[in-house]
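*Asks:* There's a structure below that I have some questions on.
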Amino acid sequence: MHNKENRALKVAVFLVLLIIFFSSAVAEQVSFGESFVQDNAGILSPEEKALLSEILRQIYDSGRAEFAVVTINSLDGTPIEDYSYNLVEGRLGKEGADNGLLLLVAVEDRKYRFEVGRGIEDVLNDAKVGRIGRHYLVPNFKSGEYGKGIILASVAIAKELG
Numbered sequence: 059m060h061n062k063e064n065r066a067l068k069v070a071v072f073l074v075l076l077i078i079f080f081s082s083a084v085a086e087q088v089s090f091g092e093s094f095v096q097d098n099a100g101i102l103s104p105e106e107k108a109l110l111s112e113i114l115r116q117i118y119d120s121g122r123a124e125f126a127v128v129t130i131n132s133l134d135g136t137p138i139e140d141y142s143y144n145l146v147e148g149r150l151g152k153e154g155a156d157n158g159l160l161l162l163v164a165v166e167d168r169k170y171r172f173e174v175g176r177g178i179e180d181v182l183n184d185a186k187v188g189r190i191g192r193h194y195l196v197p198n199f200k201s202g203e204y205g206k207g208i209i210l211a212s213v214a215i216a217k218e219l220g
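Taken in order, the sequence shown gives residues 59 to 220; the numbers are from the working numbering.
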């Protein structure tokens with residue numbers, strides 16, 4: 059009986075440490091600070107990054123939302139929903155307003171996800187960001203024009219935010 063309890067305790071400790079390790083690994087990958095564009099996958103040209111930064115800065119300055127774009131090479135097997143949520147949890151959006159918005163692009167996995175704060179879901183619901191993704195991201199990503207797709211989607215989001 060003692061061996062089973064000991065083994066269960068070891069497994070529980072291992073799982074807790076594993077969760078802590080992966081949570082901190084994801085959290086350390088991005089620090090938004092003054093830049094709302096984190097091109098970790100290197101898919102944006104300097105010009106695209108500058109234009110995108112300006113679009114996101116205008117959205118931020120308007121007070122409507124804090125919108126960040128993060129590109130990564132791979133999710134390394136993590137579900138994109140978990141990865142994007144862990145990436146922004148408590149680090150994007152004004153406190154109390156929950157107006158954060160993330161576009162995560164995982165290049166090798168050929169996936170993207172919008173993570174929308176509850177404070178702006180009335181303006182940017184799942185249907186709207188889904189339509190924006192299908193209209194601007196999918197066709198441009200298929201042709202390898204990641205920057206163009208991300209910029210066009212960001213402009214469409216800015217229009218939706220008013």
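Note that beta-carbon positions come from the ideal geometry of N, C-alpha and C, so glycine has one too. If you're wondering where the values come from, they're calculated on a predicted model, not measured in any experiment.
#1: Based on the DSSP secondary-structure assignment, which residues constitute the bridge partners of GLY158?
#2: Let's see if you can read the secondary structure: which residues bound the beta strand (DSSP E) around ARG171?
#3: Once DSSP output is grouped into helix, strand and coil, what is the label at ILE178?
#4: Going straight from the alpha carbon of LYS186 to that of ALA164, what length do you get?
#5: Beta strand (DSSP E) containing ASP97: first to last residue?
#6: Report buried or exposed for SER82, applying the criterion of at least 16 other Cβ atoms within 10 angstroms of its Cβ.
#7: Excluding five sequence neighbours on each side, which residues of the same chain lie with their C-beta closer than 6 Å to the C-beta of LEU133?
#8: State yes or no: is the C-beta of ILE113 within less than 8 Å of the C-beta of VAL181?
#9: Grab me the residues of ILE178's own chain with a C-beta within less than 6 Å of its C-beta, minus the 5 sequence neighbours each way, in chain order.
#10: Do LEU160 and TYR170 count as a contact pair if the criterion is CB distance below 8 Å?
#11: Under 8 Å between C-beta atoms, does GLY177 make it to chain B?
#12: Express the C-alpha separation of GLU106 and LEU219 in angstroms, rounding to a whole number.
#13: Any idea if ALA211 is buried or exposed, counting beta-carbon neighbours within 10 angstroms, 16 or more meaning buried?
#14: So, at 8 Å on beta carbons, what are the nonlocal neighbours of GLN116 in its own chain, with the 5 sequence-adjacent residues on each side left out?
#15: Suppose you measure from the CA of ALA108 to the CA of ASP97; what does that come to, to the nearest Å?
#16: Given VAL95, which residues of its chain have a CB within under 6 Å of its CB, disregarding the five upstream and five downstream residues?
#17: So the candidates are ILE130, TYR118 and ASP119; which of them puts its Cα closest to the Cα of ALA99?
*Replies:* The short version:
#1: For the purposes of this step, residue 158 is taken as residue 100 along the sequence shown, with counting starting at 1. Answer is GLU124.
#2: Mapped onto the sequence shown, residue 171 falls at position 113. Here the beta strand (DSSP E) through ARG171 covers 169-174.
#3: Residue mapping note: residue 178 aligns to position 120 of the sequence shown, counting from 1. Helix at ILE178.
#4: Residue mapping note: residue 186 aligns to position 128 of the sequence shown, counting from 1. Residue mapping note: residue 164 aligns to position 106 of the sequence shown, counting from 1. C-alpha separation (whole angstroms): 21 Å.
#5: In the sequence shown, counting from the first residue as 1, residue 97 sits at position 39. Segment 95-97, the beta strand (DSSP E) holding ASP97.
#6: For the purposes of this step, residue 82 is taken as residue 24 along the sequence shown, with counting starting at 1. Residue confidence is low: SER82 scores 41 on pLDDT, short of 50, so the model does not pin down where it sits. No coordinate-derived value is stated.
#7: Translated into positions along the sequence shown, residue 133 becomes position 75. TYR141, ALA164 and ASP167, listed in sequence order.
#8: Taking the first residue of the sequence shown as position 1, residue 113 is located at position 55. Taking the first residue of the sequence shown as position 1, residue 181 is located at position 123. The answer is no: Cβ separation not under 8 Å.
#9: For the purposes of this step, residue 178 is taken as the residue at position 120 of the sequence shown. Excluding residues within five positions, the ones whose Cβ falls inside 6 Å are ALA123 and ASN157.
#10: As a working note, residue 170 is residue 112 in the sequence shown. As a working note, residue 160 is residue 102 in the sequence shown. No, the Cβ-Cβ distance between TYR170 and LEU160 is not below 8 Å.
#11: Annotation note: the requested chain B is absent from the structure, which comprises a single protein chain.
#12: Counted from its first residue, the sequence shown places residue 219 at position 161. Counted from its first residue, the sequence shown places residue 106 at position 48. Roughly 21 Å separates the two Cα atoms.
#13: Position 153 of the sequence shown holds residue 211. The residue in question, ALA211, is buried, as its Cβ has 16 or more Cβ neighbours within 10 Å.
#14: Here residue 116 refers to the residue found at position 58 of the sequence shown. Correct list, in chain order: ALA216.
#15: Sequence index remark: in the sequence shown, residue 108 carries index 50 (1-based). Sequence index remark: in the sequence shown, residue 97 carries index 39 (1-based). Distance between the alpha carbons of ALA108 and ASP97 is about 11 Å.
#16: In the sequence shown, counting from the first residue as 1, residue 95 sits at position 37. Taken in chain order, the residues that qualify are LYS107, LEU110, SER111 and VAL127.
#17: On the sequence shown, position 41 is the one that residue 99 refers to. It is ILE130 whose Cα lies nearest to the Cα of ALA99.
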